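What follows is one structure encoded as structure tokens, with my remarks underneath.
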Amino acid sequence: MRLSISIFFLAISLGLSAQETLPSINLKDLNGKTINTATLAQDGKPTLICFWATWCSPCKKELNNYLDLYEDWQAETGVKIIAVSIDDQRSVMRVAPYVSSVMWPYEILLDSNKQFAQALGVNNVPHTFLVDGTGKIIWQHNNYAEGDEAEVHEQLLKLKK
Amino acid sequence: MKKLLVFSALLAFALGVQAQGDPKKPGQLHGNFQFLSQQYSEDSLIGATVPPATTAINGFGNLMYTQGGFSAGMRFETYNNAIQGFSAQNRYKGTGIGNRFVQYQDSIFNVTIGNFYEQFGNGLTLRTYWEPNLGIDNALDGARLIITPKKGITLKGIYGRQRLDFDSRSTNADGIIRGTDAEFNLNSIFKSLAEKQTQLTLGGSFVSRYQNGETRFQDSLIFLTPNNVSSSAVRLQLNRNAIAVSAEYAEKINDPSADNAYLYRKGKAFFLNASYSGSGLGVNAAVKYIDNMSFRADRNLKLFDVPTNYLPSITKQHTYNLAATLYPYATPLTGEVSFMGEVFYTFKKGTKLGGKYGTQISANFAAANGLDTTRLSGIEAYTEGYEINSVKFGPTKYVRDFNLEVKKKLSKKFSTGFTYYYFEFNTLVTPVTNDFKGIVYANIEVLEMNYKFTPKDNLHLELQGLQTDQDKGDWATVVAEFSHSPHWSIGLIDQYNYGNSVAEKRIHYLFGTVGYINGSQRLTLGYGKRREGVFCIGGVCRAVPATNGFELMYTASF
């Protein structure tokens, strides 16, 4: 038993030296087309990946609040926001009409059985990841409170340097 | 132990390989942790009891390692003992490994051995998933192969047994589940269709369970249950500009089970959804017909145990406390006829109703009744059970749910929202309460306000009211949450059952929390009384008992 545990921790410590990149999972977009998550990062520019659901109030608040700042953020840093819905079959068909009604310009992906969320270790929504221009995850935040966008902006500016 | 050793060795090997692997594809480790610990005090008035151990804990830690096309993962779980209400069937005990797998994928093949989660189409034939806060884990344990021979074509095959119980390690249910699914996105397959405005995806699935047949005796009759039971489905998704249509039809052959009182009739399910998504306007409508479609990995099990497919509820998943936790509807496993309609609209900025920031409104209505059937007699009462008169609404009302929501930002500092709900809810069909059997008629109003004192300091306030003459009577709820971004939050919720017909039960359920967030880590300490109720995530709900005491929750991802 001790041996197995030590091997296990050795494995972990080796793992911790690894870089964090995006896992490869096939998700659908709103047109039913398959998109691989390993290709989500933009070349040379940052990407924000926001996990949300139509039944999650703080998630919608977060993405609605980013809306007011998105143009400025894009001009400043070239960031792209990808909103990944974890709505399951009960509510997944509500995603497109809701998104169009609030006019989100974000790229929307559907993770109905939470494969991508689980591969990234997401426990609860909202959960936001910042990915740099080489595809590396450099920052993440769980939950959303009003004002958190200031920290997102700060992280985006850090990347620019 | 031996298994763990072999697994660890493989994991270590895989990690070791990374050192010599492609430097452009470095290995990565993701994972998460969560635990919830509760301390219990007696409160006979609300029905809170104290287990002999007086405290409880639920926890898990996931690790997933990926390098290039290879990945491996495992989950440690602990329940010492499981928190109250979590483990009604005593399915969660001890500490150990509850999930492990190895996977390899390239551009064509994706193979998994061990535990995995999979969904075919809308889930009418197969859905395995993990919802730790609800105590749901029906993972398949076996093998899965996904083949993508050409862009737009996905073929899947699965073979395994489903997780049933955890006692320091997970054990699987009796039945063996085999299945296959094929999906074709025509616009990706045929170059001539690539630029067409109409996008069409077609799919089909087949799932079969093997479980040794049994001989059953009932009213001096002898029944044999089948060894193999299959279900199959066909589906389509069509998109053209702003219009999307999704439909699926599923059928299951004779499957006498504890859910259907061991009837031999066929199961059927049909689901159709159409939506329009224009700028500022969204419309969504759905119809559903379900007859005897419960499908499990063990015919003799019920409730949360090993569901193989998924039958989501037609009603909207509500978020505000009183609307979400007192009368949440779930699809009865015997069947329903239902429909839903919904409109989302935004009054644009600068218009009369939109004001400076725009106004969002949405209205939603859902209705479900039982099937229109006639009971059969004689031997057919034991085999078919009933016959269908029409596919229209049957005489038994299951649920009516109307809700209207308005959200408005009034200034940079102040935003508000108002939601109205009207429910007719049959507690005989969805047994969410022991205090009343019949139809509950309820009105609910919620006023929400957000005030930003500074860019980082925000007060969130909810005033909620529920009025009904049935069940526990009227409720009022106040929620207040103050957050100091990005780290701190303090919350207080008071649910007051002022309209209860029993004077002693007119109780304040007061619960306070303090939360600290640092990146992906969150620590929450809570204290107070929680009422007996129903806790839902996505489409699934769990009954939670009344509790009184302290609570500590920690969650982290990396």
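Here the protein sequences come in this chain order: A and B. Read the first sequence against my numbering and you will find it ends at 161, with the numbers running on by one and no gaps. Read the second sequence against my numbering and you will find it ends at 1558, with the numbers running on by one and no gaps. Even for Gly, the Cβ is constructed at its ideal location relative to N, Cα and C. None of these values were measured; they are calculated from a predicted model.
- Look at I1158 (chain B) here: in three-state DSSP terms it is strand.
- Judged by DSSP secondary structure, W1488 (chain B) falls within the beta strand (DSSP E) whose first and last residues are 1488–1496.
- Neighbours of R1127 (chain B) in chain A, taken as residues whose beta carbon is under 8 Å from its own, are Q89, N113 in chain order.
- The Cβ-Cβ distance between D1372 (chain B) and G1335 (chain B) does not fall below 7 Å.
- Secondary-structure assignment with DSSP links W1130 (chain B) through a beta bridge to B:D1137.
- A Cβ of chain B is located within less than 7 Å of the beta carbon of G147 (chain A).
- For A41 (chain A), the CB contacts under 6 Å within the same chain, skipping 5 residues up- and downstream, are T47, V131, G135 in chain order.
- When only Cα atoms are considered, N1389 (chain B) and G1121 (chain B) end up about 29 Å apart.
- For P97 (chain A), the enclosing alpha helix (DSSP H) starts and ends at 95–101.
- For D68 (chain A), there is no enclosing beta strand (DSSP E); the residue is part of the alpha helix (DSSP H) that begins and ends at 57–77.
- Under the Cβ distance rule, H1030 (chain B) counts among the residues neighbouring chain A, one pair being separated by less than 7 Å.
- Y1516 (chain B) and G1528 (chain B) have their C-alpha atoms some 19 Å from each other.
- Secondary structure note for N142 (chain A): it is in no alpha helix (DSSP H), and the uninterrupted beta strand (DSSP E) holding it is 137–142.
- Minimum Cα-Cα distance from F1206 (chain B) among the listed residues B:Y1129, B:L1200, B:R1161, B:L1155 corresponds to B:L1155.
- Nearest CB-CB separation between F1344 (chain B) and chain A: below the 7 Å threshold.
- Taking a cut-off of 8 Å for Cβ pairs, the region 1187–1200 of chain B and the region 1166–1174 of chain B do not touch, as fewer than three such pairs fall below it.
- The beta-carbon of A83 (chain A) is placed no less than 7 Å from the nearest beta-carbon of chain B.
- Secondary structure note for S1520 (chain B): it is in no beta strand (DSSP E), with a DSSP letter that is neither H nor E.
- G1085 (chain B) and I49 (chain A) have their C-alpha atoms spaced approximately 35 Å apart.
- Listed as beta-bridge partners of N1300 (chain B) by DSSP are no residues whatsoever.
- Judged by DSSP in its simplified three-state form, T1308 (chain B) adopts coil rather than helix or strand.
- Under the DSSP definition of a beta bridge, L48 (chain A) partners with A:I81, A:L130.
- Counted as a single uninterrupted DSSP element, the alpha helix (DSSP H) harbouring S1188 (chain B) occupies residues 1186–1189.
- Going by beta carbons, L1322 (chain B) and W1475 (chain B) fall inside the 7 Å limit.
- From the beta-carbon of L120 (chain A), the residues of chain B found nearer than 8 Å are H1030, S1557.
- The Cβ neighbour count for P1052 (chain B), taken over all protein chains shown within 10 Å, is under 16; the residue is labelled exposed.
- Within the region 18–52 of chain A, A18, Q19, E20, T21, P23, S24, N26, L30, N31, G32, K33, T34 place their CB atoms closer than 8 Å to a CB of chain B, listed in sequence order.
- Listed by position along chain B, the residues whose Cβ is nearer than 8 Å to that of Y66 (chain A) form an empty set, because the closest Cβ is around 14 Å away.
- Neighbours of W55 (chain A) in chain B, taken as residues at a C-beta separation under 7 Å, are given in chain order as Q1317, T1319.
- Where T1055 (chain B) is concerned, the enclosing beta strand (DSSP E) starts and stops at 1055–1067.
- Excluding its 5 nearest sequence neighbours in each direction, G1465 (chain B) has C-beta neighbours in its own chain below 6 Å: E1445, A1476, listed in chain order.
- For the pair G1417 (chain B) and F1402 (chain B), the Cα-to-Cα distance works out to about 17 Å.
- The beta carbon of M1553 (chain B) sits closer than 6 Å to those of L1036, T1524, all from its chain and outside the five residues before and after it, given in chain order.
- With fewer than 16 other CB atoms across the displayed protein chains lying within 10 angstroms of its CB, T1454 (chain B) is exposed.
- By the neighbour-count definition (other C-beta atoms within 10 Å, threshold 16), L1029 (chain B) is a buried residue.
- Contacts with chain A at 7 Å (Cβ-Cβ) do not include S1205 (chain B).
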